[in-house]
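Here's the structure we're looking at; comments come further down.
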Amino acid sequence: MSRHVRWQAALALLGLLLIVALLSYATFTYTTEYVPARGGVFVEGVAGNPQYINPVFCQYNEVDRDLCALVFNGLLRFDDQGELQPDLAESWEASPDSKVYTFTLRPDARWHDGLRITADDVLFTVDMMQDPELPVLPDLSALWQSIVATKVDDRTVRFELESPYAAFPDYTTIRWFGVLPKHYWERYVGNARELLRAQLNTQPIGSGPFRVTEIDGQHVRLEPNPRVMDSQPYLDALEFRFFPDYPSILAAAEAGEVHGVSRILPEYIPQAESAPNLQVFTSPLPGYTLILLNQDNPNAPFLADKRVRQALAHGIDRETLLSDTIPGVGMLADSPILPGSWAHDPNTPGIDYDPDLANALLDEAGWIDSDGDGVRDQGGVPLEIILLSDDSSQAILANQAIVADWAEIGVRAVPQPVSFPGLVSEFLVPRNFMAAVVNWEFIGDPDPYPLWHSTQLPPNGQNYGGWKSRSADIVMEQARTTGDRDLRRQLYSQFQTIFADEVPAILLYYPLYAYAASTEVQNMQVGRLNEASDRFRTFKDWYLLTRKVTLSERRTLDFDNLSE
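According to the working numbering, the sequence shown is numbered sequentially starting from 114.
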């Protein structure tokens, strides 16, 4: 009897286990979830229209720069840490004296039409960069005109420089040197007028991750290039839709007419963040905003006095400026070499807001308020500065705050907003200014020579303030002529200390780039940007559509993804 009961119990337990197993199998087999599906087009609004989707000419136009970065390649590229990586070149090397650079092209590098990219294409592009009849950026043209490019073989190119330059590899990235297909462009050699009017400037053949498949006055459609992308994107295409300005793009995004807003101006960030159908991303951009101080202006000889420059710097409450006056614009700047760069020294002395110290420095320099009108003077001459800036709303607000801060230390400042082109051509280049708020991009190698060396006064460079420091010149000269990164790091640390002491300009902030996209777009990430076009670095992971799968199917998908 007891044996019979034991068998029944065993059979019952076995049945129960079988039922549990069947239920578990059914749950695993038929329970569903949503996963990314292929298909859909991401539509982004951009301000302006393309003029030249041609990397030789694209530096003048923001839409052109975005498109060139997506359609073409340089020999090298910057990764998300700002470090150089292979692009069309699989490798490169520098001579010990940093005067000769040799690049070897990838054997699988091909144009969108399938033809192989060779050294002849690289040399042809160099010829275009050197052509004085073409509208290449003057500084860029001067650099390439000083270089001798030689074909070693079909896959190898050698560049010989006039003098050592450790930062040269940066100038082979798409930002400055996108390689063109010789077999399409050589028909225009010697005819600059026809070259600039060529249809290829708006219907390009490139080698990059996207190719142009449609373009008209309202939009351009870009489809992924399977030869370049390491995996197939979920989205079928990326489309740029053209708008007259950034606010109109934001309005279109709020209305659901576009998925992405290429840039959100700082004054519109609160509006974008409050929109229920938008997600906002911010990222530092490589560059800084500062107040240039012209040490050679005869109407402001006091700016040649280091004590006055130091006082002006200590007299600005930059933290309040960024938190209250122009929130969302940027992060407090403490060095002319950007955070995240291998050359940035976090121990560089900062310029804190200290009105007491500012007042003491001005007293020491002989500037006192002799007549009690609230403005310091010397020999009957008031301490007065005209503060230039562009005419954007954020610049105007910032200027007003700076003027108020300086008034507290007895400095009369007069804000003068002008158009950005006018600021550059009428004031900075002829050095016809006292102080000017300027935004500078600073991409790639941290070499400060073009901006701060005493030989780089316009038109040779961009030392608009006329800073002349022999100690700074020496470390800049030494740092750009050695390929030893540890030595360069030490030299740039010295440069940052000298800059903080002499204050040739007042650093304000490192700018932030704000970007918005519809909440319909999934798995978006916008990490560190070397330039604005890097917002598409993770495009292959974005998706708009989903499909339902069982858990067992999901397991298979995960395994397939791992295998890829």
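Built from N, CA and C at the ideal position, the CB exists for glycine as well.
(1) How long is the line joining the alpha carbons of Leu-218 and Ala-424, rounded to whole angstroms?
(2) Could you pull the DSSP bridge partners for Asp-266 from this structure?
(3) Is Gly-441 buried or exposed, if buried means 16 or more other CB atoms sit within 10 Å of its CB?
(4) According to DSSP, is Val-516 helix, strand or coil?
(5) Use the C-beta contact count for Asp-111: other C-beta atoms within 10 angstroms, 16 or more gives buried, fewer gives exposed.
(6) For Leu-136, which residues of its own chain have a beta-carbon under 6 Å away from its beta-carbon, when the five flanking residues on both sides are left out?
(7) Under 8 Å: do the region 322-337 and the region 234-252 share three or more Cβ pairs, one atom per stretch?
(8) Please go through the same chain and pick out, in chain order, the residues whose beta-carbon is closer than 6 Å to the beta-carbon of Arg-660, but skip the five residues on each side of it.
(9) Specify whether the region 455-465 and the region 645-652 touch according to this definition: at least 3 beta carbon pairs, one from each stretch, less than 8 Å apart.
(10) Per DSSP, what kind of secondary structure is Val-371 in: helix, strand or coil?
(11) Take every Cβ of the region 417-436, pair it with every Cβ of the region 600-611, and state whether three or more of those distances are shorter than 8 Å.
(12) Is the number of C-beta pairs between the region 466-479 and the region 561-574 that are closer than 8 Å three or more?
(13) Locate the alpha helix (DSSP H) running through Lys-295, then write down its first and last residues.
(14) Less than 8 Å between CB atoms is the rule here; does Asn-174 satisfy it with respect to chain B?
(15) Return the chain-ordered list of same chain residues with a C-beta closer than 8 Å to the C-beta of Asp-482, the five sequence neighbours on each side being excluded.
(16) On the DSSP bridge assignment, give the partners of Lys-661 in chain order.
(17) For Gln-345, which of Val-551, Leu-541, Pro-322 has the nearest alpha-carbon?
(18) In whole angstroms, what is the alpha-carbon distance linking Ala-681 and Leu-405?
(19) Go through its chain and collect everything with a Cβ distance to Leu-658's Cβ below 6 Å, but skip five positions before and after it.
(20) Under a three-way DSSP split, which group does Glu-633 fall into?
(21) Leaving aside the five residues before and after Pro-357 along the sequence, list all residues of the same chain whose C-beta is less than 6 Å from its C-beta, in chain order.
(22) Could you check the C-alpha separation between Arg-340 and Phe-216 for me, to the nearest Å?
(23) Relative to the ligand PLP, is the shortest distance from any of its heavy atoms to the C-beta of Leu-313 smaller than 7 Å?
(24) Going by DSSP, what residues sit across from Glu-157 in a beta bridge?
(25) Closest to Leu-642 by C-alpha separation, out of Ile-260, Glu-539, Val-371, Glu-554, would be which residue?
(26) Cα separation between Phe-672 and Tyr-656?
(27) What span of residues does the beta strand (DSSP E) with Thr-595 cover, start to end?
(28) Exposed or buried, Tyr-760, counting other C-beta atoms within 10 Å across all chains shown (16 or more means buried)?
(29) For the beta strand (DSSP E) holding Glu-336, just list the boundary residues, first then last.
(30) Kindly give me the distance between the Cβ atoms of Ala-222 and Val-270, rounded to whole angstroms, as I take these residues to be in contact under 8 Å.
(31) Taking the DSSP output, what are the residues bridged to Gln-491?
(32) Do Asp-503 and Ser-532 come within 8 Å of each other at the CB atom, strictly closer than that value?
(33) Using DSSP with H/G/I as helix, E/B as strand and the rest coil, what is Phe-546?
(34) Are the Cβ atoms of Phe-415 and Leu-496 separated by less than 8 Å?
Let me spell this out:
(1) 53 Å
(2) Thr-269
(3) buried
(4) helix
(5) Residue 111 cannot be examined here, being either before or after the span of the chain that is shown, 114 to 677.
(6) At Leu-136 the pLDDT is 48, less than 50, meaning the model places this residue with poor confidence and gives no usable figure here.
(7) no
(8) Ala-150
(9) no
(10) Val-371 falls in the coil class under three-state DSSP.
(11) Contact between the region 417-436 and the region 600-611 is absent, with fewer than three C-beta pairs closer than 8 Å.
(12) Verdict: no, contact absent.
(13) 295-298
(14) Protein chains in the displayed structure number just one, and chain B is not present.
(15) Val-488, Arg-489, Asp-490, Gly-523, listed in sequence order.
(16) Its beta-bridge partners are Tyr-147.
(17) Pro-322
(18) Any question about residue 681 goes unanswered here, given that the chain covers just 114 to 677.
(19) Ala-150, Gly-152, Gly-153
(20) In this structure, Glu-633 counts as coil in the three-state DSSP scheme.
(21) If the five residues before and after Pro-357 are omitted, its C-beta is found closer than 6 Å to no C-beta atom of its own chain.
(22) 21 Å
(23) Because no ligand of any kind appears in the structure shown, any question about the ligand PLP cannot be addressed here.
(24) Phe-353, Gly-373
(25) Glu-554
(26) Model confidence at Phe-672 stands at a pLDDT of 47, short of 50, so the residue's coordinates are unreliable; what they give is reported in the following sentence. Approximately 20 Å, taken between the alpha carbons.
(27) No beta strand (DSSP E) holds Thr-595; DSSP gives it neither H nor E.
(28) Residue 760 is absent from the structure shown; the chain starts at 114 and stops at 677.
(29) From DSSP, the beta strand (DSSP E) with Glu-336 extends over 332-337.
(30) Not really, about 12 Å apart at Cβ, beyond 8 Å.
(31) DSSP lists Val-494 as partners of Gln-491.
(32) yes
(33) Three-state result, Phe-546: coil.
(34) yes
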